[in-house]
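Quick notes on the structure that follows.
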Amino acid sequence: MLLPTSQLAAVPSPPNLSSRSHGANQLIPLLRSCKSIGQIPQLHALVIKAGQDRNPLVLFKMLRLCSKLSSVDYALQVFETILDPDVYHYTALLEAHVALASPRSAIELYSRMVGEQIPPDAIVIACVLKACASVSALPDGRQVHCQVVKLDLGRERRIKMRLMELYGRCAQFEDAKLVFGEMPERDAVAATILVCSLSDHGLLEEARAVFDSVLDKDTVCWTAMIDGYVRNGLANAALDLFREMQGECVRPNEFTVVCILSACSQLGALELGRWVHSYVGKNKVRLNSFVGSALVDMYAKSGSLEEALVVFDEMEEKDVVTYIIR
């Protein structure tokens with residue numbers, strides 16, 4: 001909560017900084033270095049005592065500090081004291097809402113910003129689109145998209161990514177593919193977003209067409225398509241694609257390993273599962289609970305309980321799922 005004026009004198013000032021002997025250049029480093037939520041009211045009191053509570057830059061840094069330390073309530077109180085908040089102040093508060101899973105509040109704040117005739121920039125647009133996607137707020141998202149067109153921000157890569165996430169989450173795949181098609185190059189990250197969205201709804205042929213359209217596919221893109229096959233019960237297709245990935249000399253990560261082990265579990269493909277286990281050892285893939293649980297599950301479902309127990313005993317980390325599988 002904001003401290004009343006009568007209590008400001010009781011707030012300890014940092015060493016060598018009296019109440020009015022310092023300005024923004026001295027306050028900002030203090031705000032940047034603060035690591036405790038309990039110090040926020042003290043620093044805010046210091047800002048007020050120093051006469052910097054109307055300094056836009058100091059207030060922006062104050063809002064960013066509240067966001068960093070997950071103190072949205074205090075950030076809101078600080079924000080309401082700003083006479084003429086600008087796009088940067090709104091950005092700081094929007095980011096705080098999104099980071100702390102308050103997407104509806106972020107959308108409402110964006111509406112307030114637009115209502116006050118403050119033009120949003122690309123950062124604000126990307127932030128509010130993320131909020132819309134997280135709660136499948138399609139009508140709000142479409143309004144933001146209109147603003148994107150109006151402000152000529154459609155070429156911004158981060159905005160295209162967020163639009164694809166929004167339309168994919170809301171099963172508006174034609175819109176998502178339209179945004180993807182407008183990109184000058186078949187971006188692997190953008191393709192991954194679309195592949196995941198299509199796979200979530202069982203549209204594997206369309207997902208594969210998007211995947212195949214990308215020339216320079218990274219590990220994450222390959223893994224997304226493999227995972228799509230596995231989650232839709234197409235284990236053989238997943239394994240075939242994994243072999244293609246190996247042929248292209250793309251190094252799998254731990255998520256790829258888990259996907260392939262899941263495919264092996266579906267098919268009872270013990271020998272391939274053993275090969276994956278060997279790959280994990282040779283390439284020093286960390287045997288965390290994520291990978292370990294997949295190995296235990298694969299061996300158990302393939303009928304090799306002894307090997308499942310060996311993996312279980314070797315695991316550095318064990319979670320509840322691992323114990324249940326065991």
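Heads up, the sequence shown is in full-length UniProt numbering, so the first residue is 1 and it goes up one at a time.
In this text, a Cβ means the ideal position worked out from N, Cα and C, and glycines have one as well.
{"Item": "Simplified DSSP state of Asp-121, which is helix, strand or coil", "Value": "coil"}
{"Item": "Same chain, Cβ closer than 6 Å to Lys-130, five either side skipped, listed in chain order", "Value": "Val-98, Arg-162"}
{"Item": "Asn-25, DSSP secondary structure in three states", "Value": "helix"}
{"Item": "Nearest neighbour of Gln-39, chosen from Lys-217, Leu-65, Gln-143, Asp-53 [CA to CA]", "Value": "Leu-65"}
{"Item": "Anticipated Cβ contact below 8 Å, residue 327 with Ile-159, distance rounded", "Value": "Lying before the first or after the last residue shown, residue 327 is absent from the chain, which here runs from 1 to 326."}
{"Item": "Inter-residue spacing [alpha-carbon to alpha-carbon] between Leu-194 and Val-114", "Value": "29 Å"}
{"Item": "Any alpha helix (DSSP H) of 4 or more consecutive residues that is wholly inside the region 133-158", "Value": "138-150"}
{"Item": "Per-residue DSSP class, three states only, for Asn-283", "Value": "coil"}
{"Item": "Per-residue DSSP class, three states only, for Gln-77", "Value": "helix"}
{"Item": "Local conformation of Glu-316 per DSSP, three classes", "Value": "coil"}
{"Item": "Through-space distance from Val-250 to Glu-116, alpha-carbon basis", "Value": "50 Å"}
{"Item": "Beta carbon of Met-225 nearer than 8 Å to that of Arg-208", "Value": "yes"}
{"Item": "Cys-249, DSSP secondary structure in three states", "Value": "coil"}
{"Item": "Proximity winner among Glu-248, Val-230, Leu-204, relative to Asp-218 (alpha-carbon distances)", "Value": "Glu-248"}
{"Item": "Proximity of Leu-153 and Arg-186 at Cβ, strictly below 8 Å", "Value": "no"}
{"Item": "Rounded separation between Gln-42 and Leu-76 - CA only", "Value": "17 Å"}
{"Item": "Within the region 189-223, ranges of the alpha helix (DSSP H) (whole runs, at least 4 residues)", "Value": "204-212"}
{"Item": "CB contact flag (His-201, Ala-171, <8 Å)", "Value": "yes"}
{"Item": "DSSP three-state assignment for Lys-160, whether helix, strand or coil", "Value": "helix"}
{"Item": "The ligand FAD heavy atom lying under 7 Å from the CB of Gly-115", "Value": "Questions concerning the ligand FAD fall outside what the structure shown contains, since it holds no ligand whatsoever."}
{"Item": "First and last residue of the uninterrupted alpha helix (DSSP H) at Glu-108", "Value": "103-115"}
{"Item": "Spatial distance of Cys-132 from Asp-140 (CA atoms)", "Value": "7 Å"}
{"Item": "C-alpha distance - Glu-80 paired with Ser-36, whole-angstrom precision", "Value": "22 Å"}
{"Item": "Cutoff 8 Å; reference residue 340; Cβ partners in own chain excluding five residues on either side", "Value": "Given a span of 1 to 326 for the chain in the structure shown, any question on residue 340 remains unanswerable."}
{"Item": "Endpoints, alpha helix (DSSP H) assigned at Lys-68", "Value": "56-68"}
{"Item": "6 Å CB neighbourhood of Ala-308 in its chain, flanking five on each side removed", "Value": "Val-296, Tyr-299, Ala-300"}
{"Item": "Within 8 Å, strictly: CB atoms of Tyr-110 and Leu-94", "Value": "yes"}
{"Item": "Alpha-carbon spacing of Gln-147 relative to Glu-206, whole angstroms", "Value": "29 Å"}
{"Item": "Nearest candidate by alpha-carbon position, reference Leu-267, set Cys-196, Leu-166, Ala-96, Val-230", "Value": "Val-230"}
{"Item": "Buried/exposed call for Phe-312, threshold 16 Cβ in 10 Å", "Value": "buried"}
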